[in-house]
Every structure is written in structure tokens, then in C-alpha cells.
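Using our numbering, read the sequence shown as starting at 21 and increasing by one per residue. Written below as C-alpha cells is the structure these notes are about.
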Amino acid sequence: PRVVFSGVQPTGIPHLGNFLGALLNWVKLQQDAKPDDQLIFSIAGWHALTLPQDPKALSAARREMMAVLLAIGLDPERSVIFHQDENPHHTDLAWVLSCITPMGKLRRMTTWKSRLATSRNARDESEVDESLLNAGLFTYPVLQAADILAYKATHVPVGEDQQQHLELCRDLADSFNRSYKSKRPLFPLPQHVITPSRRILSLKDPSSKMSKSAPDVNSRILLTDDAAQIKAKIRGAVTDTTVGVTYDPVNRPGAANLLTILAACMDEDVTEVAKRYHGKGHGHLKKDVTEAVQELLKKPRAEFERLKGETDYLSHVSSSGAAKARELSETTMREVRERLGLI
Ligand code: TYM
21 PRVVFSGVQP TGIPHLGNFL GALLNWVKLQ QDAKPDDQLI FSIAGWHALT LPQDPKALSA
81 ARREMMAVLL AIGLDPERSV IFHQDENPHH TDLAWVLSCI TPMGKLRRMT TWKSRLATSR
141 NARDESEVDE SLLNAGLFTY PVLQAADILA YKATHVPVGE DQQQHLELCR DLADSFNRSY
201 KSKRPLFPLP QHVITPSRRI LSLKDPSSKM SKSAPDVNSR ILLTDDAAQI KAKIRGAVTD
261 TTVGVTYDPV NRPGAANLLT ILAACMDEDV TEVAKRYHGK GHGHLKKDVT EAVQELLKKP
321 RAEFERLKGE TDYLSHVSSS GAAKARELSE TTMREVRERL GLI
């Protein structure tokens with residue numbers, strides 16, 4: 021049986037990249053799961069703390085993320101849905117793993133390298149603004165590995181930006197298995213489950229991915245955007261001046277991104293979708309993308325609006341999810357402690 025694990029940070033309403041690259045795939049995996057497959061989805065509150073957060077806003081975002089996960093169709097009867105910060109085994113295991121993680125590996129993580137780059141003084145490259153860096157940012161991927169390994173997950177559905185973190189997780193699992201040998205290896209090496217829309221690009225700058233933190237709000241479509249907002253954002257999406265539509269991610273990333281979004285909404289192959297737009301203009305494509313995204317988000321948005329006020333229900337789901345999660349990871353932690361001699 022498969023053990024599927026994934027997570028999302030409670031740092032605001034998810035955007036179309038999060039939805040198409042990961043969350044929608046979680047729902048599909050839930051639909052296609054065999055009866056004995058285990059599905060575990062977590063809201064990574066500890067990870068959010070690596071950047072400064074306003075406590076009130078974080079508390080609201082945390083609750084909203086739970087509402088989002090239910091609104092898109094995750095079923096708490098079928099999947100374990102919980103707040104990472106409500107299961108202490110994650111940080112316990114993160115410590116154990118950090119003691120077998122070479123610093124050099126963490127230094128090579130692209131997310132760390134880009135943080136380091138932004139904290140470098142523009143004039144003097146060798147000078148780093150230490151106040152922008154913290155140990156949590158550095159060890160972030162170790163905690164993520166612990167999230168996954170605490171449940172001995174075999175499959176991890178995430179976008180392309182998480183690939184390197186997942187490779188580290190596999191390395192750590194392997195290195196634990198080798199260091200603490202027993203009859204069987206303790207951790208399976210988890211696989212990356214990736215969708216064709218593994219990397220949705222910014223609508224304003226197709227050289228970078230759609231992200232929660234980009235300053236221009238028109239660069240991303242949020243799960244809660246209404247029909248008019250979706251229309252305006254797609255109308256303003258950057259394409260190119262070449263006549264006609266072709267799927268050419270290297271030379272025409274803006275148009276390719278719209279085709280990727282359309283294909284994901286229709287659950288079709290992007291090259292098939294692209295064929296239908298030969299000889300048509302960008303305006304035509306944008307109109308169809310607009311309608312498809314409006315349709316895709318209609319139900320989740322309405323469900324979110326309904327659920328976000330249901331605070332009792334949300335806290336009930338959270339606490340029963342956390343209880344189930346703790347029960348599952350308890351078994352792993354007992355085995356970890358046995359192998360380490362901490363028993
Ligand atoms: P987060 O919250 O940044 O993103 C959640 C998911 O969305 C995917 N994603 C994208 N996919 C396609 N195109 C994009 N533009 C795009 N932007 C984001 C991400 O790949 C991710 O799957 N560290 C994780 C959360 C986490 C986690 C875990 C994931 C914590 N523990 C354990 C897996 C397993 C994060 O920050 O995701």
C-alpha cells in the first residue's frame with residue numbers, strides 16, 4: 021500500500037500554482053486511492069515561522085488553509101488532514117535527522133542560496149545581512165524531511181520547486197537506514213509525484229514561477245478570486261508579440277503558461293490543447309483560459325466561503341486529524357528511538 025504525504029504552508033490563500041501543481045493532485049490521489057492506501061496532508065505551521073509572521077494573521081491563515089483543503093474536496097473521513105505544529109513528532113524527528121545532515125548539503129539547497137543572495141549587500145557581495153537569515157531557514161528542508169519520514173511516506177505530491185527538498189529527504193532516509201541498520205531498512209525512499217503543471221509561471225513575469233510573495237498581486241490568481249478578478253488578471257497576463265499561438269515554453273513562456281493552465285483545467289495534454297489554437301490569436305486563448313479557470317475555481321471558492329465561518333467544524337477536523345497523525349507517527353518514533361538506543 022502507498023503512503024501519500026504532502027504539505028502546504030499557511031501563508032495566505034493558495035494561488036493557481038499551488039492548486040494545479042499540488043493541491044488538485046492531492047484530491048485526485050484521494051479519488052484514485054486503493055482502500056488500504058494512507059493519505060496524509062499537513063498544514064506546515066512550523067515552516068511558516070522561518071519568515072517573520074504577524075501572529076494574528078498567521079492564526080487566521082492557518083484556519084483558512086484548513087477551510088481551503090476541505091473546500092477543494094479533501095475528505096477528513098478518508099485523508100488525515102492536520103496541522104503539522106500539533107504533532108510534536110515532526111520536530112522530534114527533525115532533530116534526529118539534523119544530526120545526520122551534512123551542512124554542505126543544506127548550503128547547496130537553492131532556496132537557501134537564493135535567501136543568501138537577497139541578504140547580500142548590493143555593493144559589497146561578501147557582506148551578508150545576518151538579520152535576514154536564521155537557522156530555521158537553513159534547516160527548513162530537514163524539518164520537511166521529518167514531516168515525510170514520520171509517516172514512512174512512499175509518495176509525495178509536490179510541485180517542481182520542491183524536488184531538491186525531496187532529494188534531500190531521500191538522502192536522509194537512506195543515510196539513517198545505513199547508519200542504524202537492522203533486519204530491514206526503517207524508511208522507504210519516498211517518490212516525487214509530479215503533475216504536468218508542476219511549474220505554473222507568474223502572469224506578469226513568465227521567467228519566474230507564480231509565487232505567494234511576488235509584490236505584484238496581478239501576477240497570481242488566488243483560489244478565492246471571483247470571475248471578474250480572474251478575467252482581469254488573465255487579460256493582463258504577459259504573452260509575446262509573435263502572431264498565432266504555439267506551445268514553446270523556452271521562447272514563448274507566457275503563452276505556454278496559459279496553455280499549461282488551460283490543459284490542466286481541462287485535464288488534457290498540453291500539446292493537444294495547443295493544436296486547437298494554431299492560427300488563432302492570444303485574445304482567443306485568453307478568453308478560453310479565463311472561462312476554464314473561472315469554472316475550475318467556482319466550486320472551491322463557494323465551498324471556501326461557506327466553510328471559513330464554520331469554526332467549530334474546522335477545529336473539530338483539526339483536532340481529530342492531529343490525533344490520527346500522532347497515532348501514526350508514534351509507531352515510527354518508537355522504532356527510531358529503538359534504533360538510536362534512546363529507550
Ligand atoms: P508551499 O506552501 O510553498 O507550496 C505548496 C505546494 O505548491 C507547489 N507550488 C507550485 N506548483 C506549481 N507551480 C508553482 N508556481 C508553484 N508554487 C508552489 C509546491 O511545490 C508545493 O507542492 N515546503 C513546502 C511545504 C511542506 C511540504 C512538507 C511539502 C512542508 N512539509 C512535506 C511536502 C512534504 C512549501 O513551502 O510548499
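Just so it is clear, CB atoms sit at the ideal spot from N, CA and C, and this is done for glycine as well.
How about residue i: is its Cβ closer than 8 Å to a heavy atom in the ligand TYM?
| i | result |
| --- | --- |
| D225 | no |
| E106 | no |
| P177 | yes |
| F158 | no |
| H302 | no |
| P34 | yes |
| G341 | no |
| M86 | no |
Establish whether the CB of residue i and some CB of chain D are separated by less than 9 Å.
| i | result |
| --- | --- |
| P320 | This model lacks chain D altogether; it includes just one protein chain. |
Residue i and residue j look like a contact to me (Cβ under 8 Å); what is the Cβ gap, rounded to whole Å?
| i | j | result |
| --- | --- | --- |
| R83 | L317 | With a Cβ gap of about 20 Å, R83 and L317 do not count as contacting. |
| L40 | I214 | Between I214 and L40 the Cβ distance is about 12 Å, and since that is not below 8 Å, they are no contact. |
| E150 | N141 | Wrong, their Cβ atoms sit about 11 Å apart, outside the cutoff. |
| L282 | D308 | 6 Å |
| G65 | H103 | 6 Å |
| V258 | K224 | 6 Å |
Whole angstroms is fine: what's the gap from residue i's alpha carbon to residue j's?
| i | j | result |
| --- | --- | --- |
| L206 | A170 | 11 Å |
| N45 | A284 | 11 Å |
| S339 | A247 | 34 Å |
| K264 | H304 | Per the sequence presented here, residue 264 reads as Gly, with Lys not at that position. Approximately 10 Å between the Cα atoms of the pair. |
| S139 | L153 | 7 Å |
| Q38 | L192 | Note on residue identity: the sequence assigns Asn, not Gln, to residue 38. C-alpha separation (whole angstroms): 26 Å. |
| R218 | I363 | 42 Å |
| D245 | D332 | 25 Å |
| K251 | E311 | 8 Å |
| K313 | R359 | Lys is not the amino acid found at residue 313; the sequence shown has Val there. Answer to the nearest angstrom: the Cα atoms are 50 Å apart. |
| L117 | K295 | 48 Å |
Are the beta-carbon atoms belonging to residue i and residue j less than 9 Å from one another?
| i | j | result |
| --- | --- | --- |
| S62 | V28 | yes |
| E350 | H110 | no |
| A81 | P30 | yes |
| K227 | S239 | Reading off the sequence, residue 227 comes out as Ser, not Lys. Contact flag unset, no. |
| I241 | L43 | no |
| A275 | D289 | no |
| V23 | D57 | yes |
| E106 | R354 | no |
| V270 | P96 | no |
| P185 | T121 | Strictly speaking, residue 185 in this sequence is His, with Pro absent from that position. No. |
| R190 | L163 | no |
| T266 | H302 | no |
| M86 | P34 | no |
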